[in-house]
Amino acid sequence: MLISLDSKPISHSDWKMQFFENDKAKGVTSLEVLLLDTRTSVVPFTSLITEVAEVTKENGDYSTHELMSRAKKASEAKALLQIPSALHQFFAKVL
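In structure tokens, the structure reads:
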């Protein structure tokens, strides 16, 4: 049995300028996970994972674009870390 795992993240980030505090950015990622049996072309498992991450501007950030990019990457990392537990729950039920 050959299994293919496919995922495609869709990410968005936005920022909030603050006068007396460091600027903040929020990243939101939705990740659809698809498990495909390549012999039979059956999709036995799909999952939609959505994660949010908030980061604050650091001294090393060159611009707000870099701040927003860090927020986006942080939310993507949180979503990607959810894949193994989702697959584990599925295989625990099946096997």
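Quick note: the sequence shown uses our numbering, first residue 2, plus one each step. Beta carbons are placed, not taken as given, at the ideal position from N, Cα and C, and that holds for glycine.
Annotation note: the stretch 62-94 contains no uninterrupted beta strand (DSSP E) run of length 3 or greater. Between alanine 26 and serine 14 the beta-carbon gap is near 6 Å, inside 8 Å, which marks them as a contact. In the three-state reduction of the DSSP assignment, threonine 47 falls in the strand class. Look at threonine 39 here: in three-state DSSP terms it is coil, with no helix or strand label. The three-state secondary structure of leucine 96, taken from DSSP, is coil.
Around the Cβ of methionine 18, a 10 Å sphere holds fewer than 16 other Cβ atoms; the residue is exposed.
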